[in-house]
Amino acid sequence: MITLKKFILSQLASVGLIVALTGHAAPLNVTVTSTPEGVTPAVLGYNLGHFMSGSNTADWWRYSNVKAARVFRQPNTVEVIHNGDDGVAGLASFVARRAALRANTSDPAQSLDNSYIDWPFFINRHNTMLVSGSNRFIATPTFSELRRQGVELLLQMTASLTVFTIENDDDWAGKWLLWRFYYTQAFIFGREYDVRRYSMFNEPNHANAGGITYEQWHQRLKLASDAIQCALADVNSRYGKSLVPEVFATNTAYANTTSLNEWGKPTVEKRHERFDGTSDPAWRNFHFYNYQSYNTSPTVLENYFRQVKEAITPLVGDEEPYGIGLTEINTSTSANFDAVDYSSDDPLHYAALGGDLVALTRAGAAQLYLFKFGQTARTDEGSRYPVTKNGTHYVNNDTTSGSVNPYGGASQTAEVYRLFNKAARGARPRLACAGDTPPSSLYLLVTRDDAAGFVYIFAANTGASELPLNLDVSALGLPVGNLFTVEEVSDRSRGGVVARAEVTGGAGGGIGAITLRPQSVALVSISTRPQAVMAEAGSRTLTVNPVADAQLADGAGRETPAGGGASMIVRSDGLTADGRRVALIKFPVPAIAADDFQAVLLDLYTATTDGGAFAQAHVYGLDDDGWDEHAVTWSTLASALRQNVPAGNKIANNVVANQGSMTSILGQLVATSASAAETMVDVTDFVRRQDDGFASFLIVQDHRWDETLDIAHTPGDTQPGGIGIVTREGANGAVHGPRLLIAASAEPSGPTLIAQPSGAAVEEGEAVTLAVTPENDAGVTYQWRKDGVAIAGATFSTLSLAGVLSDAGIYDVVVTNNQGSVVSNEALVVIRPSADGSPFAQPAAVAIDRGGNLYVADAGRHVIYGITPDNYVSVFAGQPDSPGAQNAVGGAARFRNPGALAVRDGSLYVADTGNATIRALSRDATVSAFAGGIGVHAHADGQAAAARFDHPEGIASDADGNLYVADTGNHVIRKITPARVVTTIAGKPRTAGALDATGTQALFRSPAGIAASGSGAELVLYVADTGNHTLRKITAATGEVTTLGGAPEQPGCADGTAAAARFREPRGLLVDGAGDIYLADTGNSLIRLVTQTGTVTTIAGLPGADSVPGLAGYKDGTGEGAWFAHPGAIALAENGKLYVADTGNFAVRVIDENNNVTTLPVQEGTPPPSENGNSGSQGGGGGAPTPWMLAVLAVLMLCRVPRR
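Mapping of the sequence shown onto mature numbering (1 follows the signal peptide of the UniProt record, and there is no 0): residues -25 to -1, 1 to 1179, in sequence order.
Here it is, written out as structure tokens:
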């Protein structure tokens, strides 16, 4: 463990983070200068292990900090022999075939020609073939995920003697097969994943290499290199990329003089040789010199590297020197580890790895790849252990079908490499140090990351004694008072933060003395950017307390909340589900810009539960902040915890769910005593990603491995005890509860809010109270806003609303203190209108006649209402609440769920949905049958009553006197001539589907709205294909059916053009004189405008996003400030106003030319004059609602981004 001295000595001693230096050797004086003496490796990578989709592998990789991967992709896994030798028999035919292939692949105007390479075959192999054995993965999903994380790939594909048979130097057919394979792979991987690094043979000088000679190997290098470089050049030409090839050689095993002299130096000397025997000074057949090394000390490793550099650099003369690196490095091979009864978790090895990394960096290594990421299965005959013990992450090696090989945790070696990547990745300046001569056990590296604004001090002590250091960093000009941290890998820490303090002393600042524990690695992180003094804290460290913490239990307690206790137990005993306990903690996140967070530490007081000396657990970030400590249980937190997991102590028995999406690994938590002591984990990156004002953490004791790697070979991982964590309720003067310690470039812009206002959806007249809670209310003021406008007098932490209709809106509150202001999250308040104040029960359709009279089909009350231009409303036909099918005059007539209206030649036509008929209303309100058989839901073409419909919900008329019906239950479009002849013009009767075609070959799904434009040969019909969530177009002259907007069977809410737009159960629609279409997007509670080109915009209503529907509510306003509730139909008046049957709000709404929405203020009065006429506008036939529409009181709430 590292401890800090001087001004922080007493502070750290009080919490057990320092060991007194009395009796130890005097500190070693080290002066850090500002002078760069070189750079760190440009690339730090891992050799890949298992990387299966559906597992937690991607998240463990993210945690590792590593941005490069070396991947073994052997030729026989993608079938090298394919399509024969292509007729290649000599050099000339080889060159000709090569040129012909490249002429096709490099030309973006040509399609890739499968006669040269069977591209679909290889792509399918990459997409589907599971690489098994020691590294299980499928190329496409694995490479896609790695590239998503910004990881660069090095592909190792060995051209072995057995896979690629080249009989002699004249075997150009054999050479072609090798060349073509490497070309194919480099082209695909360069195109898809920007892979530019390749290696042609792994360890050709190893005893397992099949006896390949140097000459055979070099011949293959020249062929593969030419293929790779040609492929990447062609990818660049065809796809506009700029990939720079990097072919690796010699890739030899053994760091010794023989490897260098027999393989390395000759290859450098022959770097200009080409596959055809010529030499080209402008050509290199490899670009990066690499080798592999194990089982050597840091000093030996550094000396050999310098020997290689000194040997090959003079060979290139004035040319650019070769970069040199190691593509496999570790302190021991798997075979050597198999012979001993300890693993890389032993301090001797992980400290030595720290020394190796520093030594190679000092020597000038440009790329390093640690072997390897996973402790994969070891199957060598006679093996004592089942896994490769030099792997760095514990993994499940199950190879049965369906296994995804989840990981259980990170070894101490992995934690050393994670810290080294934090300090050294990316060719950073490394700073020279002076002072006392360091002992051979100290490996010290000081780097500067100018992009992030940090100085890092990475130190490895490989000795068996403590090593005190006195670091003088005054030359770096570090800001005095900045918080810095110390992370450590040792016998008492697994990469966690063991100390924190502030830079002190003089103008330059210092960090005082530190002590390295025996065989340990430490990283000191110091920000070079000034940190803000936090007014609330009086220092540069802001302390944030949690708003909730809770212990959750599995088994019998999985339904029981457990918040409010004095401590939380984190435990997995491996015996029963009842033996599982996890901890949850939630903090408010101060209003600080993400990039301004410099350090965020999760600071806990922990103790072992069994009185032992060590217990470990994992800290996960949790993206679900919606839990309450008094209500959350194991079963309700299914987003983060697996349910009904069998008892056991192996990786398969771990319980964290959705790792990499809902949960993410942040670090390892340890307790080192039965007495409570402070423990910290760096959670900076996770807190930066939180955008909802809170950060939640889940702490779990995972089972890390499937078998102990010691002499006992104990199955599974059961720790002796768990970890107890002091809660906020259990804090006292001696120990604190959970807290976040924050250092940032700027103060919070205002108060920290620990409770946000929550929206509500209530009935009219029901009171609503909104509230906000700051962490500290001293000196705080409030200003509530509605729709962005301040509410006079609303200046308290709560806001009470009476629940009148005008209270509907989007509310937030500006909370201010002397540091500034923050704006709360928005809260949506929906007031559902009472049906008692409206004559309508379920207005489903509207139509307008020439006299300006409005007609409303009320499907709920089974009547047709008439509304005069003066807004007097009365029943025009039918008897309220009396369904039936009588043809009669006015109130004597009966309807059943009338769903659509259309005006034609002085008559009103009704789609009487529940009766499966089309009815006509004359000027004197006489109701008569027009087409269909009453109550017979079927399909039949024919004359008048001989025809059959099934729940028709849409109707429209054209200028020639024809009617068109959206026959919803039959999934077809019908035409009715003035002579009452009914025919089916589009759709296949009784067959639901989604198909653009001609006439009855096309398929619809429950079409419920229809509108007509033009006449005769120019007639076009537009159909709201409700069940397919699309807008369809029928060209009458040809019968052609096309999709104008939306995507079949993909409900959503999105503006856009054609298939990019999304609707949700659209119903009523009309076409205006300009050919624009207005659509009632019923399921989204929106009014949409669709142009003739298919461009969809929202003109009124509050949209959702993607799969989230628009808001169903009631509010007059403009654009998004107006809310509807499942509007079913729409009509256009001659004055340009749109009238909307707002079904769920029991109202008729009016939209003017400026998209202002108001509610039509109807009152009981005299029926409109019996003077119907064709206005030339379209009546809206939205149809009777489907069953979901009947529940109009259901309101969908949206969480919206706060307005700043």
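Where a beta carbon is used, it is the ideal one built from N, C-alpha and C, also for glycine.
Where does the unbroken beta strand (DSSP E) through residue i begin, and where does it stop?
i	result
residue 1183	Residue 1183 is absent from the structure shown; the chain starts at -25 and stops at 1179.
C408	P404 to G410
E722	Unbroken run through E722: none, as it is neither H nor E.
L745	V743 to A746
P873	P873 to R879
L196	First-last for L196: Y189 to Y214, but that is the alpha helix (DSSP H), not the beta strand (DSSP E).
I960	V956 to A961
May I have the straight-line CA-CA distance separating residue i from residue j, to the nearest angstrom?
i	j	result
A651	M543	13 angstroms
Q191	N79	31 angstroms
L332	W609	43 angstroms
L803	G784	6 angstroms
M637	V631	10 angstroms
P95	N89	8 angstroms
V421	L406	5 angstroms
T748	V755	10 angstroms
A941	D1091	31 angstroms
D145	R48	28 angstroms
G300	S648	43 angstroms
L776	R807	14 angstroms
L616	K561	16 angstroms
N231	T288	17 angstroms
L970	F979	7 angstroms
A44	A67	38 angstroms
L728	H711	21 angstroms
G1014	E993	12 angstroms
Near residue i, what residues of its chain come up, given a Cβ to Cβ distance below 7 angstroms and the 5 sequence neighbours on each side ignored?
i	result
L577	V594, M655, V656, V658, F672 and L715
N1147	At N1147 the pLDDT is 43, less than 50, meaning the model places this residue with poor confidence; the figure from the coordinates comes in the next sentence. Within the same chain, N1147 has close Cβ partners D824, V878, G881, S882, L883 and R898.
H688	E682
L290	K240, V243 and E244
S733	A802
Excluding the five sequence neighbours on either side, which residues of its own chain have a C-beta within less than 8 angstroms of the C-beta of residue i, listed in chain order?
i	result
P256	H247
S234	N180, T225, T227, A228 and Y266
T551	G530 and A622
P16	G300, L335, T336, A340, A341, Q342, L343, A399, R400 and A402
Residues in its own chain within less than 6 angstroms of residue i by CB, not counting five upstream and five downstream?
i	result
D787	R760, V798, S799 and E801
N40	R393, N396 and K397
residue 1180	In the structure as shown, the chain starts at -25 and stops at 1179, and residue 1180 therefore has no counterpart that could be examined.
R172	L129 and E221
Taking its Cβ as the centre, do 16 or more other Cβ atoms sit within 10 Å of residue i, making it buried, or is it exposed?
i	result
V575	buried
residue 1181	Any answer about residue 1181 is impossible in this case: the structure gives the chain only from -25 up to 1179.
Y580	buried
V508	exposed
D321	buried
I640	buried
P50	buried
V779	exposed
residue 1188	Beyond the ends of the chain as shown, which are -25 and 1179, falls residue 1188; an answer cannot be given.
Would you mind reading off the limits of the alpha helix (DSSP H) that contains residue i?
i	result
W94	W94 to T103
Q591	Premise fails: Q591 lies in the beta strand (DSSP E), A590 to L597, not in any alpha helix (DSSP H).
D660	T659 to R664
**the stretch 822 to 841 touching the stretch 757 to 772, judged by at least three CB pairs closer than 8 angstroms** = no
**Request:** Specify whether the stretch 65 to 84 and the stretch 378 to 392 touch according to this definition: at least 3 beta carbon pairs, one from each stretch, less than 8 angstroms apart.
**Result:** no
**Contact the stretch 1008 to 1023 vs the stretch 1077 to 1085: 3+ CB pairs below 8 angstroms** = no
**Message:** Check whether the stretch 812 to 823 and the stretch 1115 to 1128 are in contact - that is, three or more C-beta pairs closer than 8 angstroms.
**Reply:** yes
**Prompt:** Is there contact here, the stretch 440 to 448 with the stretch 460 to 473, by at least three beta-carbon pairs under 8 angstroms?
**Reply:** no
**Prompt:** At a cut of 8 angstroms, does the stretch 407 to 415 reach the stretch 349 to 356 through at least three beta carbon pairs?
**Reply:** no
**Request:** Report yes or no: do three or more beta-carbon pairs, one from the stretch 186 to 205 and one from the stretch 96 to 106, lie closer than 8 angstroms?
**Result:** no
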